[in-house]
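Trainee: Residue numbers for the sequence shown follow our numbering, so the first one is 7 and each next one is one higher. Glycine is no exception: its CB is placed at the ideal position from the N, C-alpha and C atoms.
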Amino acid sequence: MPSIHAQAANTVVEVSESTNDDARRLAEAGFPHGTWVSARRQISGRGRLGRKWESLEGNLFLSILARLPAEAGLGKVWSWIPLATAVAIAETLRSFDPRLDLEIKWPNDLWLKRAKAGGILCEAANLGAVAQSPYVVIGIGLNCAAAPEGVDQEATFLRAVAPQLSVDELRMPIVSGVLDALDELQIKGASSIARRYEKLAAFKSGDAVSWRAGSAGSESTPGFVEKLGPDGELLVKDLAGATRALYAEDVKIRAARSKASESLP
Ligand code: BT5
7 MPSIHAQAAN
17 TVVEVSESTN
27 DDARRLAEAG
37 FPHGTWVSAR
47 RQISGRGRLG
57 RKWESLEGNL
67 FLSILARLPA
77 EAGLGKVWSW
87 IPLATAVAIA
97 ETLRSFDPRL
107 DLEIKWPNDL
117 WLKRAKAGGI
127 LCEAANLGAV
137 AQSPYVVIGI
147 GLNCAAAPEG
157 VDQEATFLRA
167 VAPQLSVDEL
177 RMPIVSGVLD
187 ALDELQIKGA
197 SSIARRYEKL
207 AAFKSGDAVS
217 WRAGSAGSES
227 TPGFVEKLGP
237 DGELLVKDLA
247 GATRALYAED
257 VKIRAARSKA
267 SESLP
């Protein structure tokens, strides 16, 4: 049985460097699928590609351990875990209070009124090494009480529309919602998560967007959203009509001003 860090599992600690690091330590110490850790304050929260996650007090910082069965189940659909998590959070919040009508900005942002209210950072380990028990740490940052100023995109927070909300009432419904979505991925496969995603997607099929993939200095490409691909990647069409697959790891995407239907003959 795991013994170290036992106090930090399935509980809210006062302060953490990064709850994703805490959850990774719990994973390495043998804690089971579904173990979670949360913190009231986070010192060095991170986003994708080493970006910073501004962690203001009163917001949610939560990481959940997902263990991937080697042969079947989640192992086959792990690339869908970020979207399954986003779907679970958006649905949980909407059912909590209809004013919290979050949308999912593919691949990992939670939008409230077209501003970023939350983000998801999934970090995998041992994926290529079945014998070493692969797992994914699902990190969730949700601005409940406050949004940072001065970040390079518009940010907002949940209490802006639901002033009575407390971070403590959100935590467990989100943990159970995410674990249920992971069960669904394992049992029913990605298609049912994809259907749930479509209802919550900020970018619908035909929406004009522009994206930049790969190195930071590269040009951004205009085009239109098509649909999700088999691994949860976003299929987009450039203006020459060529379909491109965008993967979550290295892409930035934003809305353009018009819809495809308005600008195409
Ligand atoms: C994310 O990355 O959106 C994933 C954030 C995950 C944070 C959680 S907190 C618990 C766990 N422990 C961690 O250390 N991390 C996870 P990305 O898509 O790379 O977005 C980062 C970008 O979002 C930044 O470059 C800013 O533009 C913006 N940003 C930073 N902090 C923000 C905030 N609090 N609210 C809204 N936008 C923010």
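Please classify Ile-144 as buried or exposed, where buried requires at least 16 neighbouring CB atoms within 10 angstroms.
Mentor: In the sequence shown, the residue the question calls residue 144 occupies position 138. Result: buried.
Trainee: Could you give the first and the last residue of the continuous beta strand (DSSP E) run that contains Leu-171?
Mentor: Taking the first residue of the sequence shown as 1, we reach residue 171 at position 165. Looking at the DSSP string, Leu-171 is not in any beta strand (DSSP E), and its letter there is neither H nor E.
Trainee: Using only the alpha-carbon positions, how far apart do Pro-88 and Pro-104 sit?
Mentor: On the sequence shown, residue 88 is found 82 positions in, with the first residue counted as 1. On the sequence shown, residue 104 is found 98 positions in, with the first residue counted as 1. Approximately 23 Å between the Cα atoms of the pair.
Trainee: Per DSSP, Lys-194 forms a beta bridge with which residues?
Mentor: One-based indexing of the sequence shown puts residue 194 at position 188. None; Lys-194 has no bridge partner.
Trainee: As a quick exercise: from Asn-65, Ala-214, Ala-166, Ala-29, pick the residue whose alpha carbon is nearest that of Leu-118.
Mentor: Translated into the one-based positions of the sequence shown, residue 118 becomes position 112. Of the listed residues, the one whose Cα sits closest to Leu-118 is Ala-166.
Trainee: Which residues share a DSSP beta bridge with Gln-48?
Mentor: Your numbering for residue 48 matches position 42 in the sequence shown. Gln-48 pairs with Ser-22.
Trainee: Entirely within the stretch 199-265 and at least 3 residues each: give me those beta strand (DSSP E) ranges in chain order.
Mentor: Correct list: 213-219, 227-234, 240-244, 249-252, 257-265.
Trainee: Label Ile-49 either buried or exposed according to how many other C-beta atoms from any shown protein chain fall within 10 Å of its C-beta, with 16 as the threshold for buried.
Mentor: On the sequence shown, residue 49 is found 43 positions in, with the first residue counted as 1. Classification for Ile-49: exposed.
Trainee: From what residue to what residue does the alpha helix (DSSP H) around Ala-90 run?
Mentor: Here residue 90 refers to the residue found at position 84 of the sequence shown. That run of the alpha helix (DSSP H) goes 87-102.
Trainee: Answer yes if the stretch 68-76 comes into contact with the stretch 23-33, meaning at least three C-beta pairs across the two stretches below 8 Å, and no otherwise.
Mentor: Touching, yes.
Trainee: Would you please state the rounded distance, in angstroms, between the beta carbons of Pro-228 and Ala-262? I believe it to be under 8 Å.
Mentor: One-based indexing of the sequence shown puts residue 228 at position 222. One-based indexing of the sequence shown puts residue 262 at position 256. Right, the Cβ-Cβ distance comes to about 6 Å (below 8 Å), so this counts as a contact.
Trainee: Going along the chain, which residues of its own chain have a beta-carbon closer than 7 Å to the beta-carbon of Ala-200, five neighbours each way excluded?
Mentor: For the purposes of this step, residue 200 is taken as residue 194 along the sequence shown, with counting starting at 1. Same-chain partners within the cutoff: Leu-234.
Trainee: Among residues of its own chain, excluding the 5 on either side of Ser-24, which ones have a beta-carbon nearer than 7 Å to its beta-carbon?
Mentor: Along the sequence shown, one-based indexing puts residue 24 at 18. Excluding positions up to five away in sequence, the list reads Gln-48, Ser-50, Gly-51, Arg-52.
Trainee: For Asn-114, name the three-state secondary structure that DSSP assigns.
Mentor: As a working note, residue 114 is residue 108 in the sequence shown. If DSSP states are grouped into helix, strand and coil, Asn-114 belongs with coil.
Trainee: To the nearest angstrom, how far is it from the Cα of Asn-65 to the Cα of Val-43?
Mentor: Along the sequence shown, read from residue 1 onward, the residue named residue 65 stands at position 59. Along the sequence shown, read from residue 1 onward, the residue named residue 43 stands at position 37. Approximately 14 Å between the Cα atoms of the pair.
Trainee: When we look at the beta-carbon of Pro-271 and count the other beta-carbons within 10 Å, is it buried (16 or more) or exposed?
Mentor: Against the sequence shown, residue 271 aligns to sequence position 265. Only weak support exists for where Pro-271 lies, its pLDDT of 26 falling under 50; the value from the coordinates is given anyway. Classification for Pro-271: exposed.
Trainee: Rounded to a whole number of angstroms, what is the C-alpha to C-alpha distance between Leu-55 and Gly-147?
Mentor: Position 49 of the sequence shown, counted from the start, is the residue given in the question as residue 55. Position 141 of the sequence shown, counted from the start, is the residue given in the question as residue 147. One C-alpha to the other measures close to 16 Å.
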